[in-house]
Amino acid sequence: QSRGSPRSGRAMAVSLVPGGGAAPGDGGPARLIKKPEAGDFIDLPAGKAAADVFVTFGEGQGQLAFWVEGVTNSSLRGPVNCLPVVPAEAYAVRGLPEGAFRLHAALWEAAPGAGDAKPQTAADLDGARFVVAARAAVDFTVRRFEDFAAGYDWQPVERWHRLPAGLEISLDLGTGAGSGSRRARIPQPWNWDARVQDDPAPRRVPVEADTTFGELLLRLGFSRETHEAVWQQPDGSHARPMDAGWTARQADLFRYRGQISIRQKP
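Shown next as structure tokens:
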């Protein structure tokens, strides 16, 4: 089923995702909307003006109606989608631009004498022609995710951050206002798998924030007189030797570890 939005001016539509049911064991107590969860952030892909949001539902008896509307922009409202039963498969709500949204769902039946009438708008469900057994609503946000700028001090992690591998992560397990919040930092030490010129495999070396490249060369079994660390653009178009006195913190080695290698001095 796919229906465009008559009010949004955008190609907001809904379609079935084959094989896209909820994973076993993801449940907890049955609820009408399983995904997205309240407060979720949905990544707006790079180069795209809109995202697809995948929706899964819990168990329930009756016909299902669901729709999406903008929280701060009331002109962004998708159609009311009606299904004869609560589906086990996921549905994709397509074409959502950046912003805050609310997903609504309702279990309904036509009132006696209403025949095979179906709600066309959200307001119809409040009328006398329909009996609503359950309702649910979940707020979520579509935004472009950002790379987490890792440092050696603890920094808060937002739900829209992309985390690089290898970070130390702290999760607040308390019950206060900060419960569930995350922090991250570069561990000390962390292990750098340094690529060495003419070596078939990388060499692993421990790194602290204030470790200099000269010290790293010694740990790798080299001398600063014979070898050097060099940064190179991913396409190989430009290379720059790293000063032996620079520290891992100064050179942001953790971030650029894949672009820095060890070579013999020319």
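In the working numbering, the protein residues as written are 3 to 268. Don't be surprised by glycine CBs; every beta carbon is placed ideally from N, CA and C.
CB of Trp192 within 7 angstroms of CB of Val207, strictly: Numbered from its first residue, the sequence shown carries residue 192 at position 190. Numbered from its first residue, the sequence shown carries residue 207 at position 205. Contact: no.
Span of the alpha helix (DSSP H), counted from its first residue to its last, around Glu217: Walking along the sequence shown from the start, residue 217 turns up at place 215. Counting along the chain, the alpha helix (DSSP H) containing Glu217 begins and ends at 215–221.
Rounded Cβ spacing between Leu105 and Ile35 (contact assumed at less than 8 angstroms): Mapped onto the sequence shown, residue 105 falls at position 103. Mapped onto the sequence shown, residue 35 falls at position 33. Leu105 to Ile35, Cβ: 6 angstroms. Contact.
Nonlocal neighbours in the same chain, by C-beta distance under 6 angstroms from Arg259, ignoring five residues either side: Here residue 259 refers to the residue found at position 257 when the sequence shown is read from its first residue. Cβ within range, chain order: Trp194.
Of the residues Leu165, Gly182, Glu227, Leu175, the one placed nearest Ile188, counting alpha carbons only: Mapped onto the sequence shown, residue 188 falls at position 186. Of the candidates Leu165, Gly182, Glu227, Leu175, the one whose C-alpha sits nearest the C-alpha of Ile188 is Leu165.
Identity of the residues DSSP links to Leu66 by a beta bridge: Here residue 66 refers to the residue found at position 64 of the sequence shown. Note: Leu66 sits in a beta bridge opposite Leu85, Leu109.
Under 7 angstroms between C-beta atoms of Ala48 and Gly97: By 1-based counting over the sequence shown, the position of residue 48 is 46. By 1-based counting over the sequence shown, the position of residue 97 is 95. Cβ atoms of Ala48 and Gly97: not closer than 7 angstroms.
Option nearest Arg137 by Cα separation, candidates Ala241, Glu170, Phe68: As a first step, residue 137 must be located in the sequence shown, where it is residue number 135. When each option's Cα is compared against that of Arg137, the closest is Phe68.
Identity of the residue in Asp141, Pro86, Glu170 nearest Gln63 by Cα: Looking up residue 63 in the sequence shown gives position 61. Closest by alpha carbon: Pro86.
Proximity below 7 angstroms, CB of Val57 to CB of Tyr93: Taking the first residue of the sequence shown as position 1, residue 57 is located at position 55. Taking the first residue of the sequence shown as position 1, residue 93 is located at position 91. In this structure, Tyr93 lies closer than 7 angstroms to Val57 by Cβ.
Beta strand (DSSP E) runs contained entirely in the region 206–267, provided each spans 3 or more residues: 229–234, 241–243, 262–266
Leu169 in three-state terms, based on DSSP: Indexing the sequence shown from 1 puts residue 169 at position 167. Note: Leu169 maps to coil in three-state DSSP.
Check whether Ala107 and Phe132 have beta carbons under 7 angstroms apart: What you label residue 107 is simply residue 105 of the sequence shown in a count that begins at 1. What you label residue 132 is simply residue 130 of the sequence shown in a count that begins at 1. Not closer than 7 angstroms, so no.
N- and C-terminal bounds of the beta strand (DSSP E) containing Thr143: Along the sequence shown, read from residue 1 onward, the residue named residue 143 stands at position 141. Element bounds for Thr143: 132–145.
Three-state secondary structure (DSSP) of Leu98: Taking the sequence shown and counting its residues from 1, the one referred to as residue 98 is at position 96. Reduced to three states, the DSSP call for Leu98 is strand.
Segment contact flag, the region 115–133 with the region 147–164, C-beta cutoff 8 angstroms, min 3 pairs: no
Integer-rounded CB distance, given that Lys120 should sit under 8 angstroms from Cys84: Here residue 84 corresponds to residue number 82 of the sequence shown, with the count starting at 1. Here residue 120 corresponds to residue number 118 of the sequence shown, with the count starting at 1. That belief holds up - the Cβ atoms of Cys84 and Lys120 are roughly 5 angstroms apart, short of 8 angstroms.
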